[in-house]
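Take a look at the structure set out below.
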Amino acid sequence: MHKPQFDGTPSTEEYRAYLALLLRDTFIGRAENLPLARATNRILAQDVLARLDVPSFDNSQMDGYALTAEGASRENRIFTVGREIPAGRPLQRSRASDDLTYPIMTGAPIPKGYVAVVPVEHSERIEYPDVPESFGRPSEKIRLPQAPKGQFIRRRGEDVVAGQVLARAGERVTPALLGTLAAQGYTRVTVACGPRVLVCTGGDEVRPTLTEDGDDTATDLAYGQIYDANGPMLTSMLVEDGAVVRRISIGDDPELLIEHLREEYETFAPDIIITSGGISHGKYEVVRNAIAIAPSLGLPIPLSWFGHVSQQPGGPQGVNVLDFNGHRLPMISFPGNPVSTLISYVLMLRPYLRAGGPYGTPHEVASRMATLDNAPRGVLVIDKPLTAPANKRQFLRGNLTMVESEPGTYQVELYPDVLPGSHLLHHAATADVLIELAPGTTYTGGEAVRYHRIRLTDN
Ligand SMILES: Nc1nc2c(c(=O)[nH]1)N[C@H]1C(S)=C(S)[C@@H](COP(=O)(O)OP(=O)(O)OC[C@H]3O[C@@H](n4cnc5c(N)ncnc54)[C@H](O)[C@@H]3O)O[C@H]1N2
Ligand code: MOO
């Protein structure tokens, strides 16, 4: 199991790369075989090989006339029309002759000895000049222009060659890939089961709202209490990423938390535990306190790290491994402020899950991991100068607009919400992007800065 070995305070990239490594060690994943129709957007758990060449036979790309090599090379020649070839009905026994042309429909097999197709609209019916762009009857004379060899012929194997890899484990079944698999005669496909994630949120001040079924059970709040925003928000993001989620509310009692975790381990059998809150420096940090007493309650913690990632918000972080009778379960702990939880998930865990989780190839995980550095840039638009905190990369929430800088050319403009508070969840809910500011840097507007989309549909 990889232990965290950070040289000082880790960057966002270092920390999320570490989480991916740890998850690879501790989260094996399961696969299921599904009818293709139910596999949309799922992650492949196996490579899929092509069974067939596609196209599986040379066929016409146009409704037109097939010509032999000699026929096609002649300038403006007159041909005799042969029997027509509709798609799906190849000619059984056909005669190849340089003076004979076959009317052929788009998708129909090219007859033996024929090498080019001339679209019907380029033909001329000599006996019926008043009906242009129509097919001649068998034995009728028509005039056709010259055509280069291969014109409008779709070659066997041009798209796919039997035996080649169509898609690799870890790739997502997009509608286009699903169509490709269907075109190969596949009716089922083996995909990764979504990770089973136990989401734990709370603290004594936090009141649960939604039940598992989405029923509203909100009770009145006493002064000082708040409704749980993070549990439903994390669940919603995880479900978007294909996870099966169970959510529990936790109070401030660490012993009770351990008891809950044991119970959930037995009944729900999670692959990953995610907590939000209870990890900083207060007196009632339930997650920290629970991890501290877990070994004395017979739950070994073979790996434990609480610390800071050099970013704001989402700085305080924790990662632990819980050993349930030899089964090691990763627990990832995000900070409790709602925007901190949102940003932590989007930047640190979502990339791993979206890259295929345990089925993602190391290459894909690595390249997804790199996207923070490779993020696109836009032009920062602000009224007043802004300074990011020293030693921390800041992620401001904001909106993105495409502005036509010259006719037909667009540039991205970024409008940050200048209030950085990580309790401002509604402000974050109106944002399209996280706008990244470099540590200790003052911006006056007009600078090119990186941005990260935070809505799933944009990623
Ligand atoms: N002395 C220090 N105090 C704090 C530090 C620090 O470095 N030193 N860091 C601050 C930062 S930054 C953050 S972020 C928070 C992280 O603390 P926790 O993870 O322990 O989170 P909590 O204290 O439990 O909660 C923080 C805040 O968020 C509200 N909250 C918690 N859970 C939910 C929920 N499910 N739904 C809605 N709101 C929630 C909670 O009521 C608090 O207001 O620590 C700072 N303090
Ligand atoms: O990291 Mo806290 O996440 O700044 O609010």
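To convert, take the position in the sequence shown, counting from 1, and add 32; that gives this note's numbering.
Quick reminder that beta carbons are idealized off the backbone N, C-alpha and C, glycines included.
Legend entry - Gly453 Cβ short of 7 Å to ligand 1 heavy atom set: Working through the sequence shown from its first residue, we reach residue 453 at position 421. False, no ligand heavy atom lies under 7 Å from that Cβ.
Inset, instruction - Could you tell me the distance, in whole angstroms, from the CA atom of Asn491 to the CA atom of Arg83? - result: For the purposes of this step, residue 491 is identified with residue 459 of the sequence shown, where counting begins at 1. For the purposes of this step, residue 83 is identified with residue 51 of the sequence shown, where counting begins at 1. With a pLDDT of 43 at Asn491, under the threshold of 50, the predicted position of this residue should be treated as unreliable, though the coordinate-derived value follows. Rounded to the nearest angstrom, the two C-alpha atoms are 32 Å apart.
Inset, instruction - Pair every Cβ in the segment 162-180 with every Cβ in the segment 347-367, then say whether three or more of these pairs are closer than 8 Å. - result: no
Legend entry - First and last residue of the uninterrupted beta strand (DSSP E) at His455: Taking the first residue of the sequence shown as 1, we reach residue 455 at position 423. Careful: His455 lies outside any beta strand (DSSP E) and carries neither H nor E.
Legend entry - Neighbourhood of Asp449 by C-beta, 7 Å cutoff - its chain only, sequence neighbours within 5 removed: Indexing the sequence shown from 1 puts residue 449 at position 417. Leu428, Arg429, Gly430, His459 and Ala463.
Legend entry - alpha helix (DSSP H) runs contained entirely in the segment 76-111, provided each spans 4 or more residues: 101-105
Inset, instruction - Following the continuous beta strand (DSSP E) through Asn431, name the residue where it begins and the one where it ends. - result: Counted from its first residue, the sequence shown places residue 431 at position 399. Element bounds for Asn431: Arg425 to Glu438.
Inset, instruction - Spatial neighbours of Ile60 within its chain, please: CB distance less than 7 Å, with the 5 preceding and 5 following residues excluded, ordered by chain position. - result: Translated into positions along the sequence shown, residue 60 becomes position 28. For Ile60, where only same-chain residues beyond five positions count, the Cβ hits under 7 Å are Pro390.
Legend entry - Supposed close pair Val86, Ala215 - CB separation, criterion 8 Å: Walking along the sequence shown from the start, residue 86 turns up at place 54. Walking along the sequence shown from the start, residue 215 turns up at place 183. So it is a contact: roughly 6 Å between Cβ atoms.
Legend entry - Nearest residue (CA-CA) to Gly120, options Arg109, Asn108 and Ile136: If you number the sequence shown from 1, residue 120 lands on position 88. Checking every option, the nearest Cα to that of Gly120 belongs to Ile136.
Inset, instruction - Could you tell me which of Val113, Thr433 and Leu381 sits nearest to Leu404, measuring between CA atoms? - result: Position 372 of the sequence shown, counted from the first residue, corresponds to residue 404. The shortest C-alpha separation from Leu404 is found at Leu381.
Inset, instruction - Tell whether a beta-carbon distance below 8 Å holds between Pro408 and Thr474. - result: Here residue 408 corresponds to residue number 376 of the sequence shown, with the count starting at 1. Here residue 474 corresponds to residue number 442 of the sequence shown, with the count starting at 1. No, these two residues do not count as a Cβ contact at 8 Å.
Legend entry - Length of the line joining the Cα atoms of Glu317 and Gly368: Your numbering for residue 317 matches position 285 in the sequence shown. Your numbering for residue 368 matches position 336 in the sequence shown. The straight-line gap from Cα to Cα measures roughly 10 Å.
Inset, instruction - Tell me, please, which residues DSSP counts as bridged to Lys173. - result: Numbered from 1 along the sequence shown, position 141 holds the residue referred to as residue 173. Paired residue(s): Thr112.
Legend entry - Whole-number beta carbon distance between Ile311 and Pro345, since they are thought to touch under 8 Å: Working through the sequence shown from its first residue, we reach residue 345 at position 313. Working through the sequence shown from its first residue, we reach residue 311 at position 279. Not quite, the Cβ-Cβ distance comes to about 14 Å (not below 8 Å), so this is no contact.
Inset, instruction - Using the Cα positions of Glu203 and Pro151, report the straight-line distance between them to the nearest angstrom. - result: Locating residue 203 in the sequence shown gives position 171, where the first residue counts as 1. Locating residue 151 in the sequence shown gives position 119, where the first residue counts as 1. Using only the alpha carbons, I get a separation of about 39 Å.
Legend entry - Buried or exposed (CB count within 10 angstroms, at least 16 for buried), Glu287: For this step, residue 287 is matched to residue 255 along the sequence shown. Counting Cβ neighbours within 10 Å, Glu287 comes out exposed, since fewer than 16 surround it.
Inset, instruction - Using 7 Å as the cut-off, classify the Cβ of Gln216 as near or not near the heavy atoms of ligand 2, replying yes or no. - result: As a working mapping, residue 216 is identified with position 184 in the sequence shown. Gln216 Cβ: outside cutoff for every heavy atom of ligand 2.
Legend entry - Rounded separation between Ser268 and Val231 - CA only: Here the question's residue 268 lines up with position 236 in the sequence shown. Here the question's residue 231 lines up with position 199 in the sequence shown. If you take the alpha carbons of Ser268 and Val231, they lie about 11 Å apart.
Legend entry - Distance CB(Tyr483)-CB(Gly410) smaller than 8 Å: Position 451 of the sequence shown, counted from the start, is the residue given in the question as residue 483. Position 378 of the sequence shown, counted from the start, is the residue given in the question as residue 410. Note that the C-beta distance between Tyr483 and Gly410 is below 8 Å.
Inset, instruction - Please name the residue in Gln343, Asp285 and Gly314 whose C-alpha comes closest to that of Ala322. - result: Looking up residue 322 in the sequence shown gives position 290. Minimum Cα distance to Ala322 is reached at Asp285.
Legend entry - Status (buried if at least 16 other CB within 10 Å, exposed otherwise) for Ala49: Walking along the sequence shown from the start, residue 49 turns up at place 17. When all chains shown are included, Ala49 counts as buried.
Legend entry - From Pro383, Arg109 and Ser376, residue whose alpha carbon lies closest to that of Ser155: Mapped onto the sequence shown, residue 155 falls at position 123. Cα-wise, what sits closest to Ser155 is Arg109.
Legend entry - Whole-angstrom distance between Met434 and Pro332, CA atom to CA atom: To locate residue 332, count along the sequence shown from 1; it is residue 300. To locate residue 434, count along the sequence shown from 1; it is residue 402. Computed Cα separation, rounded: 52 Å.
Inset, instruction - Name the residue from Asp79, Leu374, Leu469 and Thr233 whose alpha carbon lies nearest to the alpha carbon of His455. - result: The residue given as residue 455 occupies position 423 in the sequence shown. Among Asp79, Leu374, Leu469 and Thr233, the Cα nearest to that of His455 belongs to Leu374.
Legend entry - Residues near Gly542 by beta carbon distance below 6 Å, same chain, minus five either side: Lying outside 33 to 491, the shown extent of the chain, residue 542 is not represented and no answer is given.
Legend entry - heavy atom of ligand 2 below 7 Å from Gly314 C-beta: Mapped onto the sequence shown, residue 314 falls at position 282. No, the Cβ of Gly314 stays beyond 7 Å of every heavy atom of ligand 2.
Inset, instruction - Could you tell me whether the segment 297-312 touches the segment 259-266, where touching means 3 or more Cβ pairs closer than 8 Å? - result: Two segments are said to touch when three or more pairs of C-beta atoms, one from each, lie closer than 8 Å; by this definition the segment 297-312 touches the segment 259-266.
Inset, instruction - State the start and end residues of the unbroken beta strand (DSSP E) segment that holds Ser281. - result: Within the sequence shown, residue 281 is the residue found at index 249, counting from 1. Counting along the chain, Ser281 sits inside the beta strand (DSSP E) bounded by residues Val276 to Ile282.
Inset, instruction - Report yes or no: do the segment 191-208 and the segment 62-78 share at least 3 C-beta pairs separated by less than 8 Å? - result: yes
Legend entry - Selection from Leu209, Gly274, Val271 and Ile280 that minimises the alpha carbon distance to Thr241: By one-based count along the sequence shown, residue 241 stands at place 209. Nearest of Leu209, Gly274, Val271 and Ile280 to Thr241, Cα basis: Ile280.
Legend entry - Cut-off 7 Å between Cβ atoms - residues of its own chain near Glu46, not counting five sequence neighbours on either side: Your numbering for residue 46 matches position 14 in the sequence shown. Cβ within range, chain order: Phe38.
Legend entry - Bounding residues of the beta strand (DSSP E) (the contiguous stretch that carries His359): The residue you call residue 359 lines up with position 327 of the sequence shown. Run containing His359: His359 to Phe366, per the beta strand (DSSP E) assignment.
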